[in-house]
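Structure, as structure tokens:
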Amino acid sequence: MNDFDYPKSTTDKWYELKPLDSPYPEQLNTLQLIRDGLNGDAYFIDTLYGPYMTAMILFRSQPQFAKLQQFEAENEIVGALHDFQKQHPDEWHTALEAITQSTINHIHRSKAIGASGALVSIFNAHSSYGPVADYQLYSRPYDKRVSDALADTKLTFLHLHNLDQTYLDQFKDFNLPVIQYSVKTSGIPISEVRKLYSQTIAGGVDEINFQNLTTEQIREQWKAAREVAGKKYIATPGCSVPNASTPDELARFPRALGV
1464 MNDFDYPKST
1474 TDKWYELKPL
1484 DSPYPEQLNT
1494 LQLIRDGLNG
1504 DAYFIDTLYG
1514 PYMTAMILFR
1524 SQPQFAKLQQ
1534 FEAENEIVGA
1544 LHDFQKQHPD
1554 EWHTALEAIT
1564 QSTINHIHRS
1574 KAIGASGALV
1584 SIFNAHSSYG
1594 PVADYQLYSR
1604 PYDKRVSDAL
1614 ADTKLTFLHL
1624 HNLDQTYLDQ
1634 FKDFNLPVIQ
1644 YSVKTSGIPI
1654 SEVRKLYSQT
1664 IAGGVDEINF
1674 QNLTTEQIRE
1684 QWKAAREVAG
1694 KKYIATPGCS
1704 VPNASTPDEL
1714 ARFPRALGV
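Numbered according to the working numbering, the sequence shown spans residues 1464 to 1722.
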């Protein structure tokens, strides 16, 4: 997991950004440690936000949002960012261009280290962030460029966070090996995703109620998902499980797989 912040603008305007050769140097060091520790025995992957989410984090770091509570902050910031896209399109595209190229530069470095791809989280594939037409104008071209930079990897996950039905067909030309989303939060059955996507599908296990699931319930969920997805399937929760999950709760997942 990449918990390192994208570098902020050196001016008082969040969007005045330039492409960086290495926006996450600490993460590259982390990947090197993982590579050396695995000694070639397993794949390892990076984790990245799509350019929109990186821009939103920079946008909400502005002083006017500092005192907002988390829930109200998310709603207000999404609306304010949508207004910014409409009112200042040139500034938006300048920021996204810099973020995207910096992200691609990081990807090249992570692949050189030996990473087998990345989990790339597309955060705004949902109507609460605006209509599909706005996604196509303000975000999709940049997401596609990040996708293209990872198209030759073995294990990149396209993680469609906050996915809703209207966005489902937007990623058919993102030629990545694995697509992951939450059945629980989206309400979209795996059968619908399989109709549009031929690559491996990851997910099927309820991440929201994960702490309350028994080993047998987890087993039932992933087996039901595999039945619909077919052989090209990886058993995972739809997104990250609750941070408060205990070691005993986490251990149910490998037991559900027979490990």
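Don't be surprised by glycine CBs; every beta carbon is placed ideally from N, CA and C.
Bear in mind that the values here come from a model prediction, so they are computed numbers and not experimental data.
CB of residue i to nearest heavy atom of the ligand NAP: below 7 Å?
{"i": "His1569", "result": "With respect to small molecules bound, the structure shown includes none, and the ligand NAP cannot be examined in it."}
What do you reckon, are the CB atoms on residue i and residue j nearer than 8 Å?
{"i": "Thr1517", "j": "Gly1580", "result": "no"}
{"i": "Leu1496", "j": "Ile1562", "result": "no"}
{"i": "Ser1602", "j": "Asp1627", "result": "no"}
{"i": "Gln1525", "j": "Asp1509", "result": "no"}
{"i": "Tyr1469", "j": "Leu1531", "result": "no"}
{"i": "Asn1568", "j": "Ser1485", "result": "yes"}
{"i": "Asp1632", "j": "Leu1659", "result": "yes"}
{"i": "Pro1640", "j": "Thr1616", "result": "yes"}
DSSP state of residue i, grouped into three classes?
{"i": "Asp1499", "result": "helix"}
{"i": "Val1668", "result": "strand"}
{"i": "Ala1529", "result": "coil"}
{"i": "Gln1643", "result": "strand"}
{"i": "Thr1648", "result": "helix"}
{"i": "Asp1611", "result": "helix"}
{"i": "Tyr1512", "result": "strand"}
{"i": "Tyr1630", "result": "helix"}
Return the CA-CA distance between residue i and residue j, expressed in angstroms with no decimal places.
{"i": "Val1646", "j": "Phe1507", "result": "25 Å"}
{"i": "Trp1685", "j": "Ala1719", "result": "9 Å"}
{"i": "Ser1703", "j": "Glu1670", "result": "6 Å"}
{"i": "Asn1587", "j": "Ala1614", "result": "21 Å"}
{"i": "Lys1725", "j": "Phe1716", "result": "Because the chain here runs from 1464 to 1722, residue 1725 falls outside it and cannot be looked at."}
{"i": "Gly1503", "j": "His1622", "result": "25 Å"}
{"i": "Phe1547", "j": "Asn1465", "result": "27 Å"}
{"i": "Ser1610", "j": "Ile1570", "result": "10 Å"}
{"i": "Phe1637", "j": "Lys1607", "result": "6 Å"}
{"i": "Met1519", "j": "Tyr1630", "result": "19 Å"}
{"i": "Gly1721", "j": "Asp1553", "result": "53 Å"}
{"i": "Gln1643", "j": "Ser1654", "result": "13 Å"}
{"i": "Gly1513", "j": "Gln1527", "result": "24 Å"}
{"i": "Asp1499", "j": "Phe1467", "result": "21 Å"}
Check the C-beta distance from residue i over to residue j and give it rounded, since I have them as a contact under 8 Å.
{"i": "Ser1565", "j": "Leu1483", "result": "4 Å"}
{"i": "Ile1681", "j": "Val1691", "result": "That belief does not hold up - the Cβ atoms of Ile1681 and Val1691 are roughly 17 Å apart, past 8 Å."}
{"i": "Tyr1487", "j": "Leu1559", "result": "Going by Cβ atoms, the distance from Tyr1487 to Leu1559 rounds to 17 Å, so no, they are not a contact pair."}
{"i": "Ala1578", "j": "Leu1494", "result": "6 Å"}
{"i": "Pro1700", "j": "Phe1673", "result": "6 Å"}
> Would you call the stretch 1693-1707 and the stretch 1661-1671 in contact, with 3 or more CB pairs under 8 Å?
Replying inline: yes
> How about the stretch 1539-1547 and the stretch 1568-1586: do they share at least three Cβ pairs that are nearer than 8 Å?
Replying inline: The answer is no - the stretch 1568-1586 does not touch the stretch 1539-1547, with fewer than three Cβ pairs under 8 Å.
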